[in-house]
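S.K.: Going by UniProt numbering, the sequence shown opens with residue 1, and the numbers climb by one from there.
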Amino acid sequence: MTALPAHAPPPLPAPRPPRRPRLPGPTPLPPTSLPGRRHLTRLVTALVEAMAGRRPGHQLADVMTFPAQTALRVLPAQPRDLRLRSVRICEVDRATAEIAAVLSTGVRAKALAARAEHCGAGWRITAVHVLGG
């Protein structure tokens with residue numbers, strides 16, 4: 001019987017460089033601020049209705065800053081069947097939230113990004129961006 005040839009074990013992989021610590025990002029609103037989440041979802045729903053022409057834009061004047069109102073006015077015309085499919089809200093700090101929403105018009109989907117800040121009078125939308133048309 002013949003012996004197996006001697007071989008060296010495979011070389012060990014080079015050590016990995018240490019990982020950079022992850023920076024803390026926005027966190028979802030805690031369950032205790034559920035009324036704030038509901039209010040922001042209603043604001044986004046009203047915003048989508050105004051974009052689609054089903055709600056007069058001036059109804060949002062009290063809950064949007066002037067730059068956000070201007071951004072809403074300069075958006076291209078949206079189809080009347082524009083619907084809100086989902087909303088995600090992340091808290092940046094106790095007085096600021098970032099909102100991501102998916103909108104649909106039948107077979108086409110769009111993304112909406114908004115920023116809201118809480119002031120003495122309540123939540124106000126300070127920025128609006130629509131992606132996908």
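Virtual Cβ for every residue (Gly too), placed ideally from N, Cα, C. Note that the structure is a prediction, hence the values are computed from the model and not measured.
For proline 31, count the other beta carbons within 10 Å of its own beta carbon; 16 or more makes it buried, fewer makes it exposed. Which is it?
M.R.: Residue confidence is low: proline 31 scores 46 on pLDDT, short of 50, so the model does not pin down where it sits. Its coordinate-derived value is still stated next. The residue is exposed, with fewer than 16 neighbouring Cβ atoms inside 10 Å.
S.K.: Using a 10 Å radius around the Cβ and a threshold of 16 neighbouring Cβ atoms, would you call leucine 43 buried or exposed?
M.R.: Leucine 43 comes out buried.
S.K.: Just the Cα atoms here: how many angstroms apart are residue 165 and proline 13?
M.R.: The question about residue 165 has no answer here: the residues shown for the chain are numbered 1 through 133.
S.K.: Count the other CB atoms, across all protein chains shown, that sit within 10 Å of the CB of alanine 101; report buried if there are 16 or more and exposed otherwise.
M.R.: buried
S.K.: So, for leucine 40: in the same chain, excluding its five sequence neighbours on each side, which residues have a beta-carbon less than 7 Å away from its beta-carbon?
M.R.: Within the same chain, leucine 40 has close Cβ partners Ile89, Ala97, Ile99, Ala116, Trp123.
S.K.: How long is the line joining the alpha carbons of proline 15 and alanine 111, rounded to whole angstroms?
M.R.: 42 Å
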